[in-house]
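If you read the sequence shown in the UniProt record's numbering, its first letter stands for residue 1, the second for the next number, and so on. Below is one structure, written out as structure tokens; comments come after it.
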Amino acid sequence: MIEKRNPIPVSDAIQRVINHVQPLPIKKIELEKASGCILREPIIATHAVPPFNRSAYDGYAIRAEDSTGASPHHPIAFHVVGEIGAGQVPEVPIGKNEAYRIMTGAILPEQADAIVMLEKTTKTNDGFTVLESLQPGDHVSFKGEDAKKGEVLIEPGTKIHPGTIALLATFGYANVNVSEKPIAGVLATGTELLDVTESLQPGKIRNSNGPMIQAQLDRLGISCRSYGMLPDDLDACMEVMEQALQETDVVITTGGVSVGDYDYLPALYKRLGAKVLFDKVMMRPGSVTTVAALGDKLLFGLSGNPSACFTGFELFARPAIMTMMGSKEPYLAHIHATLGEDFTKNNPFTRFIRGIWKMTKQGVIAIPAGFNKSNAVSSIARGNCLIVLPSGSSGYRKGMQVDILLLGVDQGEEKWRL
Ligand SMILES: Nc1nc2c(c(=O)[nH]1)N[C@H]1C(S)=C(S)[C@@H](COP(=O)(O)OP(=O)(O)OC[C@H]3O[C@@H](n4cnc5c(N)ncnc54)[C@H](O)[C@@H]3O)O[C@H]1N2
Ligand code: MOO
Ligand SMILES: [Mg+2]
Numbered sequence: 001m002i003e004k005r006n007p008i009p010v011s012d013a014i015q016r017v018i019n020h021v022q023p024l025p026i027k028k029i030e031l032e033k034a035s036g037c038i039l040r041e042p043i044i045a046t047h048a049v050p051p052f053n054r055s056a057y058d059g060y061a062i063r064a065e066d067s068t069g070a071s072p073h074h075p076i077a078f079h080v081v082g083e084i085g086a087g088q089v090p091e092v093p094i095g096k097n098e099a100y101r102i103m104t105g106a107i108l109p110e111q112a113d114a115i116v117m118l119e120k121t122t123k124t125n126d127g128f129t130v131l132e133s134l135q136p137g138d139h140v141s142f143k144g145e146d147a148k149k150g151e152v153l154i155e156p157g158t159k160i161h162p163g164t165i166a167l168l169a170t171f172g173y174a175n176v177n178v179s180e181k182p183i184a185g186v187l188a189t190g191t192e193l194l195d196v197t198e199s200l201q202p203g204k205i206r207n208s209n210g211p212m213i214q215a216q217l218d219r220l221g222i223s224c225r226s227y228g229m230l231p232d233d234l235d236a237c238m239e240v241m242e243q244a245l246q247e248t249d250v251v252i253t254t255g256g257v258s259v260g261d262y263d264y265l266p267a268l269y270k271r272l273g274a275k276v277l278f279d280k281v282m283m284r285p286g287s288v289t290t291v292a293a294l295g296d297k298l299l300f301g302l303s304g305n306p307s308a309c310f311t312g313f314e315l316f317a318r319p320a321i322m323t324m325m326g327s328k329e330p331y332l333a334h335i336h337a338t339l340g341e342d343f344t345k346n347n348p349f350t351r352f353i354r355g356i357w358k359m360t361k362q363g364v365i366a367i368p369a370g371f372n373k374s375n376a377v378s379s380i381a382r383g384n385c386l387i388v389l390p391s392g393s394s395g396y397r398k399g400m401q402v403d404i405l406l407l408g409v410d411q412g413e414e415k416w417r418l
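Right, dumping it as structure tokens:
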């Protein structure tokens, strides 16, 4: 007698997973190694940026009032008293109709409040003339215009990217608090599986899910520990699973979660004493995606079918791992797009079509990326998004508005809603 499974909505399934994950501990890491980590402290301006009033151009620093009334018919002359390159400090304040030759980024001399661009001046024996008047502040980068001292500039929970690194360096963060990164174990199950180096044999296929999941983890900046491929054998899987549970923070398997005679993952969870959070989701592909919890560890039982496996990772494993990393934006970014082709298959469950989105003159258009069954591998390779077609309608027509999930793009604060 086959056990009847209870399908739950995708958003409930995501919630059950997220309820089970905690951010990993915080650690300090050197700035050079922090790119791709999740920030676990706010970046607070320890000083104003810029830290002093500075010149935005190469030219001359003057008192703006001294240029009042300048015109092509009435040039005003300035006497140059010195020169300031970036990093140098002027020694004396300027007086009436005096100027410093100044370079971009150099601190303004006392009393100066405007910069005349070099191109707007005519050289004289002891200085230059200007043909137009300046206002105080012209071509000056003011102290604190970018950031005020004490301002919270970046909240914790965001991914550190090159811009964040620049900001951290600006404030002298040689070390920064980030989340520890989880170690993910990956195990492909299936007697039919061959390694990438092996030749095809009757009834066998190469293991594409294992390397794919490793690459999906890699896209999150997570390194994985591969437990290779195992035949459909409960005892063998049990042994490797127990090892993986000791060595990793989260274990991802592929295959063996359906109801076939050799689908051993349900029996494995039972033997381990793991609590199955769900084993049927109202989605296609990936309806048999199973997630179980053993203590504080999650076991992702992704389907063997490649498109289902891929989708299960992006919808469930990805946000869990991002949350473990301390991310406040663990979901894929989603945007609206116009469907570029009819999709009239019936939709008993929500469909996640591997799609291609592009920006056109008409806005963002998304089309299915070719052969789109659960067992497809070609469309995962062609796709750059998942087109979400909610259940209940079989009439998705070209021109309709749909949600698309952008693969490889973070910034998703909320899981998409149906
Ligand atoms: N009677 C039923 N049969 C099936 C059901 C069902 O509800 N009732 N569900 C179907 C759905 S939906 C899916 S999806 C699959 C899920 O299968 P499993 O997760 O049990 O995976 P396997 O049986 O091990 O393999 C399925 C398929 O995927 C290929 N595979 C497996 N591993 C890999 C890999 N590492 N790389 C590439 N391809 C892989 C495998 O050879 C099979 O073709 O079950 C349906 N059946
Ligand atoms: O779980 Mo299956 O991938 O729905 O076709
Ligand atoms: Mg199966």
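Ideal Cβ placement from N, Cα and C applies to all residues, glycine included. Just so we're clear, the structure is a prediction, and the values are computed from it rather than from any experiment.
Through-space distance from residue j to residue i, alpha-carbon basis
| i | j | result |
| --- | --- | --- |
| Gly-210 | Leu-187 | 7 Å |
| Ile-38 | Asp-249 | 17 Å |
| residue 419 | Val-21 | Past the edges of the chain, shown from 1 to 418, lies residue 419, and the structure says nothing about it. |
| Arg-417 | Ser-11 | In this prediction, Arg-417 has a pLDDT of 49, which is less than 50 and means its spatial position is unreliable; what the coordinates show is noted afterwards. Straight-line Cα distance between these residues: approximately 7 Å. |
| Ser-71 | Phe-52 | 31 Å |
| Tyr-396 | Ala-376 | 21 Å |
| Ala-64 | Arg-101 | 15 Å |
| Val-92 | Gly-85 | 15 Å |
| Val-364 | Asp-296 | 41 Å |
| Ala-106 | Gln-362 | 47 Å |
| Glu-119 | Glu-329 | 47 Å |
| Tyr-360 | Phe-343 | Correcting the residue identity first, residue 360 is Thr in this sequence and not Tyr. The alpha-carbon atoms of Thr-360 and Phe-343 are separated by roughly 20 Å. |
| residue 451 | Ser-394 | The structure shown has nothing for residue 451, since the chain only spans 1 to 418. |
| Ile-14 | Glu-32 | 34 Å |
| Glu-3 | Pro-266 | 11 Å |
| Lys-345 | Ser-391 | 11 Å |
| Ile-18 | Ile-213 | 20 Å |
| Leu-168 | Arg-40 | 13 Å |
Contact under 9 Å by Cβ, residue i with residue j
| i | j | result |
| --- | --- | --- |
| Val-178 | Lys-398 | no |
| Met-282 | Thr-350 | yes |
| Lys-159 | Leu-24 | no |
| Trp-357 | Leu-315 | no |
| Pro-50 | Asp-146 | yes |
| Gly-260 | Pro-231 | no |
| Cys-385 | Gly-355 | yes |
| Ile-76 | Val-130 | yes |
| Leu-298 | Gly-273 | no |
| Thr-104 | Ala-56 | yes |
| Val-409 | Leu-332 | yes |
| Ser-258 | Gly-221 | no |
| Ser-67 | Val-116 | yes |
| Pro-156 | Gly-326 | yes |
| Met-229 | Asp-279 | no |
| Arg-5 | Val-288 | yes |
| Leu-207 | Leu-217 | Position check: residue 207 holds Asn in this sequence, whereas Leu was assumed. No, the Cβ-Cβ distance between Asn-207 and Leu-217 is not below 9 Å. |
| Ala-320 | Ser-374 | no |
Any non-hydrogen atom of ligand 2 closer than 8 Å to residue i Cβ
| i | result |
| --- | --- |
| Ala-184 | no |
| Met-283 | yes |
| Asn-305 | yes |
| Ser-287 | yes |
| Ala-13 | no |
Local conformation of residue i per DSSP, three classes
| i | result |
| --- | --- |
| Gly-392 | coil |
| Glu-91 | coil |
| Arg-417 | Model confidence at Arg-417 stands at a pLDDT of 49, short of 50, so the residue's coordinates are unreliable; what they give is reported in the following sentence. Three-state result, Arg-417: coil. |
| Leu-272 | helix |
| Leu-332 | coil |
| Pro-136 | coil |
| Asn-346 | coil |
| Phe-310 | helix |
| Asn-209 | helix |
| Pro-182 | coil |
| Val-152 | strand |
| Gln-401 | strand |
Of the residues the options, the one placed nearest residue i, counting alpha carbons only
| i | options | result |
| --- | --- | --- |
| Glu-30 | Arg-5, Val-176 and Val-92 | Val-176 |
| Ala-292 | Ala-70, Tyr-331, Ala-317 and Ser-394 | Ala-317 |
| Pro-368 | Ile-404, Ser-393 and Ile-335 | Ile-404 |
| Ala-45 | Val-251, Thr-122 and Phe-171 | Phe-171 |
| Gly-370 | Val-240, Ile-387 and Gln-362 | Ile-387 |
| Ile-380 | Thr-323, Gly-312 and Met-103 | Gly-312 |
| Ile-94 | His-79, Gly-87 and Gln-88 | His-79 |
| Gln-135 | Thr-122, His-47, Ala-114 and Phe-128 | Ala-114 |
| Gly-256 | Asp-233, Ala-99 and Gly-87 | Asp-233 |
Ligand 3 heavy atom lying under 8 Å from the CB of residue i
| i | result |
| --- | --- |
| Val-257 | yes |
| Tyr-262 | yes |
Any non-hydrogen atom of ligand 1 within 8 Å of residue i CB
| i | result |
| --- | --- |
| Leu-234 | no |
| Thr-104 | no |
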